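Written out below as structure tokens is the structure these notes cover.
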DNA sequence: CCGAACCCCTGACGGC
DNA sequence: TGCCGTCAGGGGTTCG
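In UniProt numbering, the protein residues as written are 1 to 278.
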């Protein structure tokens, strides 16, 4: 469910509140994608640092006098984080609450029905770029180095559809299924176009569209199609601005042609057959 | 190395 | 109501 804007909105909604907190208790529910990788007691007494983000991963540093590391968290398809200030002890956990970090500032709780999400301990001081999970990630969309040239270089030589190349996340991170569809619409590019056939000027447009749509979504607090909420339970509103995603059969907002839905790499793609060209 | 298929898991929804 | 197929905002792993 969460793409970069939702993850970043989540991060911003609790980073300040939890920074400097002391870990009092850690409770695990059902297993997530991978084991935590550290004994929960090992984090007790640790101090929470500044929460950061890489792609759709959150990094929550926890330092102790003798050891230091952090929690690398991913929300998968159905995960969300909630931070409740001033919780004195662990409240009862629901069937989908799989990770609770109780601190002296409040409770950080990961709820994830499908359990595609993850919380993994990494014994690193800062967000570890070499961590296996992060090693092959592309540039951040707001990194000044992410531009049309970078995108064109990343797409070159690839025989997959441009939509799938965007989703792969090794050129630029953060655009998931919604925003990849939206960016391709904004750039006027048919999602089925082979990646290597995207011209230089179109790569420029696409880079701007990717960055633009993610920025807009961020500003709108993310997209809430069904259940996204930030760490304080606030929903996003970008769904109001969506041009193609989830709009199969409905008229294109620009030209009235019915939006089409196709399947690429086992995932739905929505596009306007009139506005988006090969 | 690349690309495609498969898989993890649960819930919601539409059709019969 | 109940059952079944389909779909879902991600992405690592495996196979050809």
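Note that beta-carbon positions come from the ideal geometry of N, C-alpha and C, so glycine has one too. In this text, all values refer to a predicted model and were calculated from it rather than measured experimentally.
Query: Only counting the same chain, and skipping five residues up and downstream in sequence, which positions put a Cβ closer than 7 angstroms to that of residue 52?; Result: 59 and 127
Query: In angstroms, rounded to a whole number, what distance separates the CA positions of residue 90 and residue 39?; Result: 18 angstroms
Query: When the Cα of residue 7 is compared with those of 243, 229 and 240, which residue comes out closest?; Result: 229
Query: For residue 100, does the count of other Cβ atoms within 10 angstroms reach 16, so buried, or fall short, so exposed?; Result: buried
Query: Under 8 angstroms: do the region 109-123 and the region 139-152 share three or more Cβ pairs, one atom per stretch?; Result: no
Query: Excluding the 5 residues flanking residue 257 on each side, which residues of the same chain have their C-beta closer than 8 angstroms to its C-beta?; Result: 251, 272, 273, 274 and 275
Query: By the 10 Å Cβ neighbour count, where 16 or more other Cβ atoms means buried, how is residue 66 classified, buried or exposed?; Result: exposed
Query: Can you confirm whether the region 183-190 touches the region 209-226 when touching is taken to mean that 3 or more C-beta pairs between the two stretches lie within less than 8 angstroms?; Result: yes
Query: Pairs of beta-carbons, one from the region 114-126 and one from the region 64-82, closer than 8 angstroms: are there three or more?; Result: yes
Query: By the three-class DSSP mapping on this structure, what secondary structure does residue 228 have?; Result: coil
Query: Residues in its own chain within less than 6 angstroms of residue 193 by CB, not counting five upstream and five downstream?; Result: 162 and 278
Query: Do residue 137 and residue 97 have their beta-carbon atoms positioned less than 8 angstroms apart in this structure?; Result: no
Query: What does a CB cutoff of less than 8 angstroms around residue 129 pick up in its chain, not counting 5 residues either side in sequence?; Result: 54 and 135
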